[in-house]
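To start, the structure under review is shown below, and the notes come after it.
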Amino acid sequence: MTLPTATYRLQFRDGMDFDRAAGLAPYWAGLGISHLYASPLFTATGGSTHGYDITDPTEIDPALGGRAGLERLSAALKAEGLGLVLDIVPNHMAFAPETPWLRDVLRHGRESRYAGHFDMDIAADRLRLPWLPAPFHALAADGAFRVEDDADGPVLVTGGLRIPLAETPSLAAARNDPGAITALHEEQPWRAVYWRTEMDSLSHRRFFNVTGLIGVKVEDPAVFEDVHRLLFELTEAGIVDGIRVDHVDGLADPAGYLDKLRARVPDHPVWVEKILTGDERLPSWPVEGTTGYEITRVFDRVLAAPEGLDHITQAFRAATGRTAPFHDVLADAKRQVLTQDLSAELWALHRLFCAVLDGTPEGEELGPEATRQAIVEYITAFPRYRTYLTADAQPEEDLRLIADTIDGIRPPLPVGDALKALGAALTARGPAADALRVRMQQVTGAVAAKAQEDTAFYRETRLLSMNEVGGEPDDGALDTASFHALMTQRAEEMPHGMVLTSSHDTKRSEDARTMLIAATHAPAAFDAWMARCAAQAPEGLDPGTEWYLSQSRLALGPEAEAAAERLADHAVKALREAKEATYHTAPDAAVEDRATGFARALAETEEGLAALAEIAAQLSLVQVALKLTIPGIPDIYQGAEIITRTLTDPDNRRPVDFDLLRRALEAPDALPQGPARDKFALTRTLLRLRRDRPALFLEGSYAPAEAAPGQLSFTRQHEGLTLLVTVALRPGAAAEGAAEGETLWPRDAGQGPVRIALRTA
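Each residue of the sequence shown is one higher than the last, beginning at 1 in UniProt numbering.
This is the structure:
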């Protein structure tokens, strides 16, 4: 197996296709990257900006250049000695008429070859399609439907929607008689409904609360082969050299899936997108590791000053009146997400639970409200994304986690009895219990992600750098001893896991977070900034929103490009994600207008940002040094080799100026003197070192080294080579270290927050 020494994450689409990427191969090689790390490349919905809404996993997207374009990119990468890591999406596909397999199901129902490919229930009822802009009967009464023909058969058309039709008795009449449309609809293996009815009932498993994505049953061997056929062609052809598995926690049996995947690609590294919470360890799966969100959390904490963090916490509470611990904020968010956004999933779980109880004494005694509430209480209290129980394997740790979760809940008596029954059902054997367990494990992860990352993080806003995927605002700062313990553990358990600081999913880019972390080192400057912002807040603006947007402006740093539009757009998204005063499905124009007006005013505010940016620049260099030298394989997110400050998606997919980056590689003065040039130079220096000395980083040991107060130091050693890394955790201080061997940084015998030396025995 050939492991990367470093990857470069590239987001295809939005103007990036295979031929453009091929032209960048010399740049990545010159930077020191070993592998391009590509976003999903299979055919996705028309106009997709991310590629996770795949319509056909058997085809490379023609919009990117198709199979021929991918082969040209592969040749260009190989010419520069580079490999390709591909992001795959086995959990779901687009729930849309564009998806060929789904079109076949819509035409042929249970008789379709692909009826078993999707995680849906069409055995007992018709497949529900929540695609209509109004109730079916209202649209039919208005004559909004007509029958037309596509290349693969007849379709029911309304607006821009074209739904494949089964050829049923009423088809001929419906072509000419609008009055026959309802009869035609009733004969179909599907039922088209108003999109708002998704809150009540769905017949397919979604990705989180995204109704436009449908779960895929890759646990079925035939489905697994169909979904991965093209992937395996690409690995066997030497086009794909590594695999990143998206949302592994959504699968019915992650361990079983990964065992099958490893058996088919034994010589290719595999990483999983898995969020580890608290002290959770990665299960013993046949993978190189996670995509690295747990490292982001570590860096954000070790770079923060504990005294400043405490100061900001107190200031936040005083300004907003929000004093609840994050645990309580998250619990409230979980209840809301489960009972509102994921209410269809809640009712599906309830039906499965009742099926397990059917015919038992508990089933006779427990009412529907108690059993439903037991599910709500359990998921709300569950502390991780999921357990990994199967019909054949029930890890003791997971059994204990279920028991401890239930034991820790103190509900009213009927719900308590239902909770005991739920615990027994989740660990029971048999088809009904298996179905409940699989779905419960999928839903707990969806609730955790939606409630924490997409809800609570927009409510608990004391310091936004702590609100990162896998993080928790109450964690606090991390001392150097704890950092070393975590890295020592990582070297033993996950030496080849990815090291991530920015991605398409991070809430803020690494340099936006260092702007925020800088505030912990200069609390007086932070107070002055927040007061300056508060003076511009309009009457009636929620204090929590004011606090959030003031920090969001701080995160963008001085002289941010297009700050007004970016902040205004972000304000709307943040408010809707918080789900307190306005919602994606029910916007409150007055609330949003106040927030966007404030955001635009903040965009013009610059005073005080430059001083905090100086601190952030030092923290940025420290973060680069740690990222590229600790155990693991670092990933550089597109454009993050220089100072890049972005907010949540879609802001983090802004176009990258690759022309500037290529010039910087050839002539350092293409970048202005300062933080961007320094970050680029340190990144290039360490990436090239990793490429030239791969064994030092892929096989080398990690050991803490003696360091002065306020500094962190460690060594990486392998067969006579020793790399000594020392960083200053307090801005303004210079990293101290023995001048042994070759000094790789700082350049020109200067001083700074990073000191790196390579010694040969």
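Even glycine gets a Cβ: it sits at the ideal position worked out from N, Cα and C.
Let's see if you can read the secondary structure: which residues bound the alpha helix (DSSP H) around residue i?
i, result
"P178", "No alpha helix (DSSP H) contains P178, which DSSP labels as neither H nor E."
"D398", "396-407"
"H718", "Unbroken run through H718 is the beta strand (DSSP E), 711-718; no alpha helix (DSSP H)."
"L609", "609-627"
"D104", "100-108"
"T296", "293-302"
"residue 792", "Lying outside 1 to 761, the shown extent of the chain, residue 792 is not represented and no answer is given."
"V272", "Looking at the DSSP string, V272 is not in any alpha helix (DSSP H); the run it does join, the beta strand (DSSP E), is 270-272."
"V438", "431-448"
"L161", "Careful: L161 lies outside any alpha helix (DSSP H), inside the beta strand (DSSP E) at 161-164."
Sorted by chain position, which residues of the same chain lie with C-beta nearer than 6 Å to residue i's C-beta, five sequence neighbours on each side aside?
i, result
"M530", "S550"
"H311", "P523"
"T582", "L575, R576, D588, V591, E592"
"S112", "D104, V105"
"T648", "K507"
"residue 797", "The structure shown does not extend to residue 797, since the chain is modelled only from 1 to 761, so the question has no answer here."
"L303", "I517, L619"
"A670", "R663, A664"
"G700", "R716, Q717, H718"
"T683", "V624, E641"
"Y458", "A574, E577, A578"
"A374", "V415, A418, L419, L422"
"T405", "A381, F382"
Throw me the rounded Cβ distance for the residue i and residue j pair, which I believe falls under 8 Å.
i, j, result
"H584", "R576", "5 Å"
"K274", "D249", "6 Å"
"E294", "G470", "6 Å"
"V443", "I517", "Going by Cβ atoms, the distance from V443 to I517 rounds to 34 Å, so no, they are not a contact pair."
"P731", "H504", "No, P731 and H504 are not in contact; Cβ-Cβ is about 29 Å, not under 8 Å."
"I54", "L70", "Their Cβ separation, rounded to whole angstroms, is 15 Å, which puts I54 and L70 out of contact at 8 Å."
"G83", "D241", "4 Å"
"L251", "P383", "Rounded, the Cβ-Cβ distance is 21 Å, inconsistent with contact."
"L500", "T760", "Rounded, the Cβ-Cβ distance is 31 Å, inconsistent with contact."
"T182", "A140", "5 Å"
"residue 762", "Y257", "Limits of the chain in this structure are 1 at one end and 761 at the other, which puts residue 762 out of reach."
"H50", "R20", "The pair is not a contact, with the Cβ atoms about 17 Å apart (cut-off 8 Å)."
Per DSSP, what are the beta-bridge partners of residue i in this structure?
i, result
"I517", "Its beta-bridge partners do not exist; DSSP assigns none."
"L721", "H718, T760"
"Y194", "L132"
"Y37", "R9, V85"
"F118", "V216"
Who are the Cβ neighbours of residue i in its own chain at under 7 Å, not counting the five residues just before and after it?
i, result
"D125", "S203"
"S34", "P4, T5, A6, L82, G83, R691"
"T235", "V265, H268"
"G143", "P178"
"G66", "I60"
"R693", "L721"
"I402", "T387, G423, L426, T427"
"D253", "E219, T390"
Chain D beta carbons: is any one of them nearer than 8 Å to that of residue i?
i, result
"N652", "Among the chains of the structure shown, chain D does not appear; only one protein chain is present."
Which of the three DSSP states is assigned to residue i in this structure?
i, result
"S701", "strand"
"A44", "strand"
"Y385", "coil"
"E559", "coil"
"E706", "coil"
"Y583", "coil"
"V727", "strand"
"P90", "coil"
"F208", "coil"
"Y637", "strand"
"D17", "coil"
"R654", "coil"
"E111", "helix"
"D149", "strand"
"M494", "coil"
Excluding sequence positions up to five away, which residues of its chain have a Cβ less than 8 Å from the Cβ of residue i?
i, result
"A525", "A519, G608, A611, L612"
"Q623", "F299, L303, T501, E510, T514"
"S201", "R128, A344, W347"
"L161", "P97, W131, L132"
The beta strand (DSSP E) spanning residue i covers which residue range?
i, result
"D56", "54-60"
"V157", "153-158"
"G359", "No beta strand (DSSP E) contains G359, which DSSP labels as neither H nor E."
"L309", "Element bounds for L309: not the beta strand (DSSP E) but the alpha helix (DSSP H), 306-320."
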